[in-house]
Every structure is written in structure tokens, then in C-alpha cells.
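With our numbering, the residue at position 193 of the sequence shown is 193, and numbering never jumps.
Glycine residues also receive a C-beta, built at the ideal position from the N, C-alpha and C atoms.
Treat the numbers as computed from the prediction; the structure is a model and nothing was measured.
Here is the structure we will look at, set down as C-alpha cells.
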Amino acid sequence: MGDPAILQAVPLALDPHALVFEAWGDVQVAHDGTWLGADAGCQVRLNGVFASFAETYWQRHTHVRQVQFALSLTGEAALRVFRRDVAVGADVCVFEAWYRFAEPHDVTVPITLADQGETLLWAELSFRDASTIANARWEAEAAPLREPSLCAVICTFNRDADLIANFAALQRCVARPFDRIVVVNQGAPGLAQRLDAAGVALAGVALDVVEQANLGGAGGFTRGMMAALDGAATHIVLMDDDIAIEPMVLQRLRAIYRYATTPLCIGGAMFDLFARTRLTSAGDMIHPSRPEIITLRDPWADDARDPATRDYIARHRTPDFNAWWCLAIPREVVEAQGLPLPLFIRGDDVEYGYRLTQAGVPTLCWPGVAVWHRPFSLKSHAWHYFYDRRNSLFLCEMHGRFTRWHLAGMIIGSFFSHLLRYDYARAEMLARGLAAFNRGPAGLLAWSADDHVALTRPVPQEYREAGRPLPRRCTQMRPAPAVRPRGAMLRQVLVDLFAPMIKFRHRFGFIRAEHLTPFAHPRPRILLIRRPNMRKLEMRRYKWLRGWRLTAAFAWQLAVLLLLRPLRPAALKALITPAAWQSYLRRHQ
């Protein structure tokens with residue numbers, strides 16, 4: 001039998017260190033992460049998200065049944081390995097020994113994987129004198145089932161700096177996580193020349209740059225997937241252009257696929273780029289009774305320095321989809337299930353992931369695989385509601401989720417909710433999204449970058465300096481439940497449209513954004529809204545005529561949905577073939 005294969009190297013230099021280890025005492029880490037030095041009396045726990053070993057995932061989804069924790073030790077230390085039951089947060093020591101070496105010496109600890117419960121493994125070192133550890137890793141002696149070839153697909157739009165930063169990180173890594181990288185550039189032409197000028201060169205990795213018109217994330221990623229399928233890749237890894245990566249973490253994808261017993265989609269968790277220990281997403285579910293996304297994260301435990309958050313990440317779950325900031329897909333899955341729908345942006349990853357889940361291909365947000373990404377709160381725009389509504393309706397049509405009457409009821413509630421909060425921009429985008437859905441699959445094929453630019457023109461918003469005193473006649477609005485008896489919202493809308501003069505007793509009203517529901521009261525003519533982390537108050541005005549016009553346009557599109565729009569899932573499925581995509585790409589050259 002040959003040398004053990006590394007399943008997971010411990011990235012000691014990862015910033016912040018709390019994502020890898022906890023330390024008590026004076027500890028130093030080499031800049032390149034090759035070693036960690038500790039003084040006498042120090043204790044180091046390799047129990048961070050990127051150091052602990054996801055025992056349950058490896059036991060259930062690979063043929064590995066025994067692993068070993070290995071490191072090189074110089075000095076004197078006690079080594080303990082713990083098994084943690086993440087369902088209850090309890091640790092049990094499964095190995096303990098003292099070691100003393102004057103020269104660097106390899107230490108290995110064999111461990112048989114548990115076949116019950118939800119568990120992870122982590123190691124602890126207590127140093128008796130000044131010592132050094134190096135090359136900490138989890139290994140297996142089992143023979144791999146295959147040697148995968150990974151092709152990364154990056155869709156980019158004028159984010160050269162982010163792209164070059166990630167290539168620089170890959171250049172510093174000795175073992176490349178990818179065999180080929182396809183970059184689909186939909187921004188300013190000449191990306192290949194700019195990468196050359198920046199000195200981007202990855203030895204042993206084929207780098208291809210594809211230039212095309214802006215067809216959104218759906219068009220960019222799909223073009224990259226088609227290029228990957230034309231090559232020898234066994235697995236395709238989709239990655240955003242604005243993420244921050246740790247190559248040692250991405251190397252784990254190759255190790256997982258070497259031993260996986262069934263086709264798996266492996267997703268990466270998302271951490272906040274500006275608060276690097278904050279978990280933003282560990283996969284997503286689609287709400288079973290309405291077209292709504294449920295992000296898998298515990299709002300009360302989202303800091304990875306907290307054991308509760310680490311336990312949450314390690315729990316075994318199969319989300320409906322994982323967003324494309326980092327998602328690996330086996331080649332045979334793409335060939336069997338087709339390419340994504342041409343949804344442009346926002347929802348292309350949702351539909352595709354849901355399609356794979358429905359086909360019996362699980363998506364796993366594998367603990368210890370993650371990237372850093374800008375938080376969603378920095379990307380909230382009114383025009384998002386156009387794509388969210390349009391694309392969720394196409395998802396429901398393609399997969400037969402809900403009747404048209406059920407969909408209409410949910411759309412009405414969402415539209416009225418925005419109308420009653422004077423959020424006319426989002427109400428308009430929702431109505432326009434419904435109109436785009438009513439145009440059917442032909443509307444998807446016709447949608448272009450010019451249409452997107454026209455849609456995303458800035459919507460004028462009014463703000464008031466937060467430091468100024470509130471108007472003298474400004475009323476503090478009281479929050480009210482978002483859920484009321486059936487018909488309550490309709491009555492509010494009818495009053496807004498037909499009898500606005502009987503409801504306004506106040507000119508100004510102040511409320512915090514988290515308390516603003518359609519039923520917050522008393523309702524003023526002008527809303528002043530306090531949003532977290534904003535120095536200005538958002539100002540919204542009641543606009544009777546605009547409310548009428550939006551309601552009329554929405555009512556017409558609703559009638560089209562209920563009475564005229566045929567639901568044709570077969571027509572949508574015809575758009576996911578390579579031939580259909582080649583025709584679509586030629587149309588928009």
C-alpha cells in the first residue's frame with residue numbers, strides 16, 4: 001500500500017486564525033502556514049471550521065472507513081483527539097498520548113469513523129516546553145475510486161481586481177485545486193491581455209478566457225460549463241468573480257470526489273467578506289408552500305468562533321441548492337440533467353439546484369469547504385424583485401409547483417404588502433416581473449443586456465439627515481403583526497385607493513425598518529425609516545395616483561396569468577439542451 005492520501009490539510013495561516021484553531025498562551029504561525037510554534041504551557045485546539053474533520057459526511061458519502069490525524073512535532077506535547085456530537089455539543093476523547101522529540105518527527109493517530117449520529121473530529125495539543133508543529137492533516141490509506149479532473153468556471157463582469165487577487169492566491173499554492181480554469185468575461189473586452197499584464201500564470205493549469213456579450217450569471221456560467229464539457233473535466237466547479245478563496249480549502253473538493261461513492265454536488269458555505277467569521281449561508285431550501293428561499297443559517301449563532309455555529313455547520317443536511325459562489329457538479333450529472341435555464345441572473349442557481357435535487361442528486365454544503373463573499377445586505381435593489389418574481393414563476397412552471405390560483409394568491413399578497421408600505425419601486429418591479437413571465441419562454445430568449453441596463457436604472461430615493469431632529473408633528477409608529485385575518489390587507493388597500501382622506505391623521509411617521517409591516521400604525525403621509533448601518537433616514541411618500549396606476553397594471557397581468565397564460569413546462573425544458581443554448585448564444589453575439 002502506498003503513502004496515505006491527504007483528505008484535508010489544516011490551513012494554519014488562514015486569516016482569521018479563529019476559523020482554524022483556538023490558542024491559550026503565546027503562539028506564532030509562519031506566514032506561509034507551514035508551522036506553528038508554541039511556548040511551554042500553551043494549549044492549541046484545532047477545532048475551527050477549517051481544521052475539524054467532518055466525520056459524518058465522510059462516513060456517509062465516501063468509502064473511507066478509517067482515517068488518521070497526522071502532524072510533524074518538535075518538542076514535548078500531549079496530543080488528544082476528540083469526537084464531537086454536534087447534535088448535543090458533547091466531546092469525547094478518543095485518543096491521548098504524550099510525545100517528546102528533539103527533532104521533527106511524524107505522529108499519526110488512526111481513528112475508525114463512527115457510523116452513527118452526527119459527529120466531527122478535532123485535535124488538541126498541550127505543550128510542556130517550546131515546541132513546533134507542522135503539516136497538520138487528516139489522511140486515509142484507502143485506495144481512491146477515481147482521479148477526478150476539476151475545471152473551475154468563473155463568470156466575471158468588470159471585476160478584474162477581485163479576479164487577479166484570487167489568481168494570486170492560487171499561484172501561492174503548491175498543489176493546484178484545479179486542472180483547468182475557464183473565465184467567461186462579459187465585461188470590458190481584453191481580459192486575457194489584462195491578466196497577462198498582471199502576471200497571472202498558473203503552472204500546470206490550463207487557463208482559457210472566453211469573451212461574450214453580457215448574458216448575466218446564467219449565460220456566463222452556462223457558457224463556461226459548455227467549454228468544460230468540451231474538455232476532459234470530470235467535475236465542474238462554478239465560482240463567482242467577487243469571492244475570496246483559500247486554495248487549501250478548495251483542494252478538499254478533489255479529495256472528496258476521489259472517494260465519493262455516488263454523484264454529489266458539493267457546495268461551499270458563504271462567510272461575510274467584511275466580517276470573516278460570520279456565516280451568511282450554509283445552503284438554501286425552497287419553501288414547501290410558497291416560492292420563497294430559506295437560507296440555512298442560525299440567526300442566533302452565526303459567528304464561527306462560537307461552538308454553536310461550528311456545530312450548526314457540521315450538522316448533516318441536504319439543501320435544495322447551493323448558490324454558485326462555489327458549487328462543484330459532476331460531469332455526468334450535467335450531461336443527464338441538462339444546462340441551466342436562461343434566466344439571466346437571480347434564480348438560475350435556484351432552479352438548477354432544485355432540478356438536480358428532484359432528480360435524486362443530493363447537494364451537500366460540506367463542512368470545511370467555504371468562500372468569502374460580499375453580504376446580501378450590500379446587494380439589495382428594487383430591480384431584484386423583477387428577477388426574483390419572474391424567475392421563481394418560471395421555476396414553478398417548469399417543475400409543476402402549485403396551481404396558478406395558488407401562485408396568484410401569493411403574488412397579490414406580496415404586491416399589496418409593498419403598496420401599503422409606499423414601496424412603489426418594488427411593487428412596480430413585481431408587476432413587471434409578472435408581465436415578463438406572462439410573455440413565456442420566448443421572453444426569456446429575447447431578454448438582453450440592453451433590457452437589463454434599462455431595468456436597473458437608478459430609482460430616485462429621498463433621504464433625510466439622521467442627525468436632524470424629527471419634525472414636531474412626527475408620530476412614532478407602532479409595529480403590528482405581519483399576519484392578519486384574510487381580507488385585512490385588501491381592506492387597507494381599498495382605503496388607500498378609494499378613501500385616502502379618511503386615514504391620514506399625521507403628516508410624518510417614524511419607524512425602524514425591522515418593524516415596518518403593512519399593518520404598522522398609525523399610517524402617515526410620509527414615512528421616515530431607520531435602517532441598520534445607515535446614517536440617513538429613508539423617506540417614502542404616499543402617492544395616490546402612482547398606486548392606482550400600479551394596481552391597474554398589476555390587475556391586468558394577474559388576469560392574463562389566470563385566464564390566458566398557458567403553462568408549458570415542456571417548452572421550458574427545450575431551453576436547457578446544448579443545441580438550444582448554442583442558438584441562444586449566437587442570437588446575442
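Here Val459 is exposed, its C-beta having fewer than 16 other C-beta atoms within 10 Å. The alpha helix (DSSP H) runs of length 4 or more contained entirely in the segment 305 to 344 are, from start to end of the chain, 307 to 314 and 331 to 337. Shown here for His384: same chain residues with a beta carbon closer than 7 angstroms to its own, the five before and five after excluded, namely Arg346 in chain order. Contact check for Arg297 and Ser281: beta-carbon distance about 6 angstroms, within the 8 angstroms limit, so the pair qualifies. Nearest neighbour of Phe53 by Cα position, chosen from Trp35, Val27, Asp26 and Phe82, turns out to be Phe82. Comparing alpha-carbon positions, the option among Val183, Leu113, Ala201 and Ile236 lying closest to Leu150 turns out to be Ile236. Secondary structure at Trp300: coil, using DSSP grouped into helix, strand and coil.
Between the segment 425 to 438 and the segment 183 to 202 there are fewer than three C-beta pairs closer than 8 angstroms, too few to call the two in contact. Per DSSP, Gln461 has no beta bridge partner at all. The segment 56 to 68 makes no contact with the segment 319 to 332; the number of CB pairs closer than 8 angstroms stays below 3.
Cβ neighbours of Leu516 within its own chain (closer than 7 angstroms, five residues either side excluded): Arg421 and Ile529. For the pair Leu527 and Arg546, the CB atoms are not nearer than the 8 angstroms cut-off.
The three-state reading of DSSP puts Lys573 in helix, counting H, G and I together. Residue pairing by DSSP places Val107 opposite Leu71 in a beta bridge. In the structure shown, Glu292 adopts coil according to DSSP, grouped into three states. Taken through DSSP and simplified to helix, strand or coil, Asp272 comes out as strand.
With contact defined as three or more Cβ pairs closer than 8 angstroms, the segment 127 to 135 and the segment 156 to 163 are not in contact.
For Met285, the enclosing beta strand (DSSP E) begins and ends at Asp284 to Ile286.
With 16 or more other Cβ atoms inside 10 Å of its own Cβ, Thr156 counts as buried.
Only buried fits Asp240, as 16 or more other CB atoms lie within 10 angstroms of its CB.
Glu335 sits exposed, since fewer than 16 C-beta atoms from the chains shown fall within 10 Å of its C-beta. CA-to-CA, the gap between Ala382 and Leu455 works out to about 10 angstroms. Our two residues, Arg223 and Asn158, have alpha carbons roughly 17 angstroms apart in a direct line. Under DSSP, no beta-bridge partner is assigned to Arg473.
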